[in-house]
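A quick write-up on the structure given underneath.
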Amino acid sequence: MNKIIGLRKLKNDRYIIEIEEKGTKVPHIITENTIIKHNLLSKDTLTKEEYKKIIKDNEYELLYLKAINYISYQMRTISEVKKHLNKDTKNNTLITKIIDELKKNRYLNDKEYVQQFVNEKKEFDLVGPRYIKEKLIQKGIHFDLISEALLSYNEHIQFDKIYQLISKEIKYKQKKPYQKVYLSLKQKLITKGFNLNIIESSLLSRKDDIKLMIDEEDLLKKDYLRVKDKYDLSIYEEKNRLIKKLMSKGHNYETVKVFINKEGTK
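63 is the number of the first residue of the sequence shown in my numbering; add one for each residue after it.
As structure tokens, this is what we get:
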């Protein structure tokens with residue numbers, strides 16, 4: 063027999079119970095449910111079988127409460143809760159039992175989670191469907207649920223968000239030639255998870271707006287002045303090297319060629 067030698071309350075509906083086991087005092091943190099279920103307030107001793115059952119049931123109770131606490135801060139996916147519980151136990155059967163109970167009590171629902179996640183991203187964030195898909199995959203959501211939820215993220219929404227992002231980026235005068243600005247915007251929009259064909263179409267439709275914020279002639283002149291002393295324009299090969307150098311900065315070939323030829327006549 064194992065003797066109960068102490069029971070006192072901690073915070074958050076936890077208790078510490080002290081059991082005398084082979085002459086040694088062994089403390090256990092237990093839940094209120096465990097105390098009630100096993101009627102521990104009215105017992106002084108426990109059989110070996112009772113003791114083992116209490117420890118087993120209490121492990122479940124503690125992990126279940128841990129999961130509830132984790133979920134209480136924000137919605138979680140099934141995969142996230144599994145990983146969280148896996149930090150405390152490698153008993154997959156126990157974790158599965160807890161997950162099933164959480165699903166039964168509607169604490170976990172991946173379909174609802176995905177729908178809310180997609181709706182929030184559409185409403186508040188300037189990100190595309192590929193970005194959302196990647197985030198949900200990282201959270202362990204099944205592909206079918208993701209695909210179904212993203213059906214509502216249509217091309218019109220993508221065009222609108224890309225329009226907002228481009229407007230934000232070209233709010234001020236640009237310090238790079240159009241080609242560099244174009245590639246920078248394109249890469250940013252790809253990173254944000256928008257579809258490539260919609261990105262390219264959007265950038266094309268905003269080409270004039272983007273160019274209005276770029277003084278190509280002034281930028282070309284500044285880039286030229288930085289490197290002109292390294293090249294002799296009277297030498298054909300040197301002139302071509304300078305043209306290539308300025309093109310690498312994003313300047314248009316024809317514009318550079320006309321500019322260099324003009325400079326060469328001075």
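Glycine is no exception: its CB is placed at the ideal position from the N, C-alpha and C atoms. The model shown is predicted, which means the values in this text are computed figures rather than measured ones.
Let me confirm a value: residue i is counted as buried when at least 16 other C-beta atoms fall within 10 Å, else exposed. Which label applies?
i, result
"threonine 93", "buried"
"asparagine 259", "exposed"
"asparagine 330", "For the chain, the structure presents residues 63 to 328; residue 330 sits outside this window and is missing."
"glycine 85", "exposed"
"asparagine 120", "buried"
Which of the three DSSP states, helix, strand or coil, is assigned to residue i?
i, result
"valine 189", "coil"
"isoleucine 269", "Residue 269 is actually lysine in this sequence, not isoleucine. Looking at lysine 269 - three-state DSSP - the assignment turns out to be helix."
"lysine 84", "coil"
"histidine 204", "coil"
"isoleucine 79", "strand"
"leucine 295", "coil"
"histidine 313", "coil"
"leucine 170", "coil"
"isoleucine 117", "helix"
"isoleucine 91", "strand"
"tyrosine 374", "Any property of residue 374 remains undetermined from this structure, which presents the chain solely from 63 to 328."
Beta-carbon separation of residue i and residue j under 7 Å?
i, j, result
"valine 176", "isoleucine 194", "no"
"threonine 139", "isoleucine 208", "no"
"lysine 65", "glutamate 80", "no"
"isoleucine 297", "isoleucine 232", "no"
"glycine 312", "glutamine 241", "yes"
"isoleucine 261", "lysine 248", "yes"
"leucine 251", "isoleucine 276", "no"
"lysine 301", "leucine 308", "no"
"leucine 147", "isoleucine 157", "yes"
"glutamate 123", "asparagine 95", "yes"
"isoleucine 78", "isoleucine 98", "no"
The alpha helix (DSSP H) spanning residue i covers which residue range?
i, result
"lysine 242", "240-253"
"asparagine 101", "That residue, asparagine 101, is in no alpha helix (DSSP H); it is neither H nor E in DSSP."
"serine 214", "No alpha helix (DSSP H) holds serine 214; DSSP gives it neither H nor E."
"asparagine 148", "140-148"
List the endpoints of the continuous beta strand (DSSP E) containing residue i.
i, result
"lysine 71", "64-71"
With DSSP as the reference, please indicate the residues paired to residue i in a beta bridge.
i, result
"threonine 107", "Lys65"
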